[in-house]
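The block underneath contains the structure these notes are about, expressed in structure tokens.
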């Protein structure tokens, strides 16, 4: 009996050892890369130049320069990541062809280049081009916020600088950037310095915090880092826009008590655009408090990596799109927040299906546009929905693109007159999709 | 002394029973799996769910979806680690929804939790939504996510972290009887 037991025991051990050895070998060969690399034929050529089609997470803005014979004259700017560089490519024919791209960071560096954490581009009022991104530092989830500017419409860039003053190898990521009405440049990001400090004191700290900087000299220098709020969610992008007076507003996922991860909206800089009378001190105080913008009651331990979008209209209604799995709402949501009265307004479901994701919102006068991705069994579809009455009623959904392989988050491109959708897909490259005239805002 | 001996014989017997079931499982599994790579992680593609269920025909099992970016998933792995002597290649399947780029990290996490003998997969598709859809068109992708398969493969979905008690309950109901008390 004992002998039998021993033989079996040895056999079991051998089998374990054997599989451990196999596993070790597998571990060494693990780590495939480039699963989301471009499949566009021109990009498969090893000698292919960097381009918005071949690179990752291209992000576009448009500068309207002049009109001649009713035709639009302007320049399309696209930043994207490729081979550890952020590049800027410009196009005079709305993305049909691109000029040779400019490497913004001349020294290569690791960077975050996924849909949720991508390079940002903002155009100044003259020839300035501002670009920010997150440099991947050593350690999981670690990063530094980087910034570079051009004063000659993107022909040349000054050397990049690091924006976060805390240089610990922790998270300073998910940068968002916006100019306010006075031409001051704001950058806000998710920062773990307060969490790290709390942990070193063995104190609990939910989520991360939001920090921001402002430059009042076109990006030549920045005022010191300021903390905006504690307990933001750790890895959802921050949405940013200006209100009807030019104040920068941010919308982000916040960790409310009990690990409820709904959204908050706030003036990024409570003291901006206010003069020094005592009445405005109250306003500044009032503005300092973030407001609850969505009430879904989503309790989740962990970050869903699915941040909101924001677009503010002339009447100071913030139009918002977001994802939730809360008690109150599930799926993709559209909602309004009245910034004049500080209260939540209309709230409606965009798409409750489990395969819908990445909602975007854009408002122009009374027209509100929603765009999102939905996997439909075989292909990924990009859907568009429009309202002509400020979000009260909606026209039928339209599928504006589909793809059979991987795809980036979709985004908007406003050329000063018309709205476009932009979408980078593995198979098709970077597409600038004109919205059908039936979907354009009425004159 | 007598008590210690008893304990010792109990643990040896327990190990033997488990070792035996592992050997049996390993041999039945290897004949069916088509993966030739000796990696800890098998790529989970649109056909993998059929393979996982075919490999476990007539058997109850738990299929767990997890990610290294999900703190409760990592806590859940600790529960699997605590109960690992009761888990075999047959009665549990781990599927990481991370990208193939993160394979090395994921393998390390599995090794750290001593779960390298568990049948483990990793999402491998340019459209991860396709895999979610194949697994369950009604799953939003929230993690951790578990599916409890009965022997007829009727299944029950569960979102959120499983407690050790829940797992223990399932194991007592579905595992081959390992009743230490009867050893004497």
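Protein chains in written order, with the numbering used here: chain A, 27 to 469; chain B, -12 to 171.
Glycine included, every Cβ here is placed at the ideal spot set by N, Cα and C.
* residue 68 of chain A - containing alpha helix (DSSP H), residue span -> Start and end: 67 to 70.
* Rounded to the nearest angstrom, how far is the Cβ of residue 234 of chain A from that of residue 223 of chain A, given a contact under 8 Å? -> Not confirmed; about 12 Å, so no contact.
* **Residues that residue 114 of chain A bridges to, as DSSP identifies them** => For residue 114 of chain A, the beta-bridge partners assigned by DSSP are A:105 and A:128.
* Asked: So is residue 381 of chain A in contact with chain B if we call contact Cβ pairs under 8 Å?
  -> Yes - at least one Cβ of chain B is within 8 Å of the one on residue 381 of chain A.
* To do: Could you check which residue in B:154, B:139, B:137 and B:27 has the C-alpha nearest to that of residue 65 of chain B?
  => The candidate whose alpha carbon is nearest that of residue 65 of chain B is B:154.
* **Residue range of the unbroken beta strand (DSSP E) whose run includes residue 106 of chain B** => It spans 106 to 110 - the beta strand (DSSP E) in which residue 106 of chain B sits, taken as one unbroken run.
* Asked: What are the start and end residues of the alpha helix (DSSP H) that includes residue 59 of chain B?
  -> From DSSP, the alpha helix (DSSP H) with residue 59 of chain B extends over 58 to 69.
* Asked: Looking only at its own chain, which residues have a Cβ that is under 7 Å from the Cβ of residue 138 of chain A, when we skip the five neighbours before and after it?
  -> Cβ within range, chain order: 160, 162, 169 and 199.
* Asked: Under a three-way DSSP split, which group does residue 96 of chain B fall into?
  -> In this structure, residue 96 of chain B counts as helix in the three-state DSSP scheme.
* At 7 Å on the CB atoms, spell out the chain B contacts of residue 452 of chain A, in chain order. => Near residue 452 of chain A (Cβ distances below 7 Å), the residues of chain B are 113.
* List the residues of chain B that residue 331 of chain A touches, going by C-beta distances under 8 Å, in chain order. => 56, listed in chain order.
* Asked: With DSSP run on the structure shown, which of helix, strand or coil describes residue 29 of chain B?
  -> The answer is strand: DSSP assigns residue 29 of chain B an E or B state.
* Using Cβ-Cβ distances below 9 Å, what residues of the segment 116 to 144 of chain B are close to chain A? -> Contacts with chain A (Cβ-Cβ distance below 9 Å) from the segment 116 to 144 of chain B involve 116, 117, 119, 120, 123, 124, 125, 126, 127, 128, 129 and 130, listed in chain order.
* To do: State the start and end residues of the unbroken beta strand (DSSP E) segment that holds residue 424 of chain A.
  => Taken as a continuous stretch (DSSP letters only), the beta strand (DSSP E) holding residue 424 of chain A covers 424 to 429.
* Asked: Tell me which same chain residues have a C-beta within less than 6 Å of the C-beta of residue 411 of chain A, skipping the five on either side of it?
  -> Same-chain partners within the cutoff: 396, 420 and 423.
* DSSP three-state call for residue 441 of chain A: helix, strand or coil? -> Secondary structure of residue 441 of chain A (DSSP, three-state): coil.
* Where residue 17 of chain B sits in the DSSP three-state scheme -> Unreliable placement is indicated for residue 17 of chain B, whose pLDDT of 37 sits below 50; the coordinate value is still reported in the next sentence. For residue 17 of chain B, the secondary structure class from DSSP, reduced to helix, strand or coil, is helix.
* Compare the C-alpha of residue 131 of chain A against each of A:117, A:89, A:174 and A:147 and name the closest. => Ranking A:117, A:89, A:174 and A:147 by Cα distance to residue 131 of chain A puts A:174 first.
* For residue 146 of chain A, is the classification buried or exposed, using 16 other Cβ atoms within 10 angstroms of its Cβ as the cut-off for buried? -> Buried.
* Asked: Does DSSP put residue 223 of chain A in a helix, in a strand, or in coil?
  -> Three-state result, residue 223 of chain A: helix.
* Asked: Does the segment 85 to 103 of chain B come close enough to the segment 133 to 145 of chain B to have 3 or more Cβ pairs within less than 8 Å?
  -> Short answer: they don't touch.
* To do: Quick one: residues in its chain with C-beta nearer than 7 Å to the C-beta of residue 122 of chain B, no 5 flanking neighbours on either side, listed in chain order?
  => Taken in chain order, the residues that qualify are 36.
* Asked: According to DSSP, is residue 44 of chain B helix, strand or coil?
  -> Here residue 44 of chain B carries a coil assignment [DSSP, helix/strand/coil].
* Mind pulling the chain B residues with CB within less than 8 Å of residue 406 of chain A? -> For residue 406 of chain A, the chain B residues whose Cβ falls inside 8 Å of its Cβ are 114 and 116, in order along the chain.
* To do: Please list the residues of the segment 317 to 330 of chain A that have a C-beta atom closer than 7 Å to any C-beta atom in chain B, keeping them in chain order.
  => Sequence-ordered contacts of the segment 317 to 330 of chain A with chain B read 327 and 328 [C-beta pairs closer than 7 Å].
* Closest Cα partner of residue 437 of chain A within the set A:85, A:184, A:299 and A:403 -> Measuring from the Cα of residue 437 of chain A, the nearest candidate turns out to be A:85.
* **Length-filtered (3 minimum) beta strand (DSSP E) runs lying within the segment 233 to 258 of chain A** => Fully enclosed beta strand (DSSP E) runs of 3 or longer: 234 to 241 and 252 to 258.
* To do: Taking 8 Å as the threshold, find out whether the segment 366 to 377 of chain A comes into contact with the segment 311 to 331 of chain A through three or more Cβ pairs.
  => Judged by pairs of C-beta atoms under 8 Å, the segment 366 to 377 of chain A touches the segment 311 to 331 of chain A, as three or more such pairs exist.
* To do: Check each candidate in A:313, A:114 and A:267 and name the one with the smallest Cα separation from residue 178 of chain A.
  => Ranked by how close their Cα comes to the Cα of residue 178 of chain A, the residues A:313, A:114 and A:267 have A:114 in first place.
* Cβ of residue 59 of chain A within 8 Å of any chain B Cβ -> The pLDDT assigned to residue 59 of chain A is 31, lower than 50, so where the model puts this residue is not dependable, and the model offers no usable value.
* Asked: Nearest to residue 5 of chain A by alpha carbon, out of A:230, A:208 and A:237?
  -> The requested residue 5 of chain A does not occur in the structure, where chain A is confined to residues 27 to 469.
* To do: Kindly indicate if chain B contains any beta-carbon less than 8 Å away from that of residue 56 of chain A.
  => Here residue 56 of chain A scores only 24 on pLDDT, less than 50, and its place in the model is too uncertain to base an answer on.
* **Residue range of the alpha helix (DSSP H) that includes residue 157 of chain B** => For residue 157 of chain B, the enclosing alpha helix (DSSP H) begins and ends at 151 to 161.
* Asked: Between the C-alpha atoms of residue 148 of chain A and residue 66 of chain A, what's the straight-line distance to the nearest angstrom?
  -> Between the alpha carbons of residue 148 of chain A and residue 66 of chain A lies a gap of roughly 28 Å.
* To do: Determine, using beta carbons only, whether residue 81 of chain A comes closer than 8 Å to chain B.
  => No, residue 81 of chain A does not count as interfacial toward chain B.
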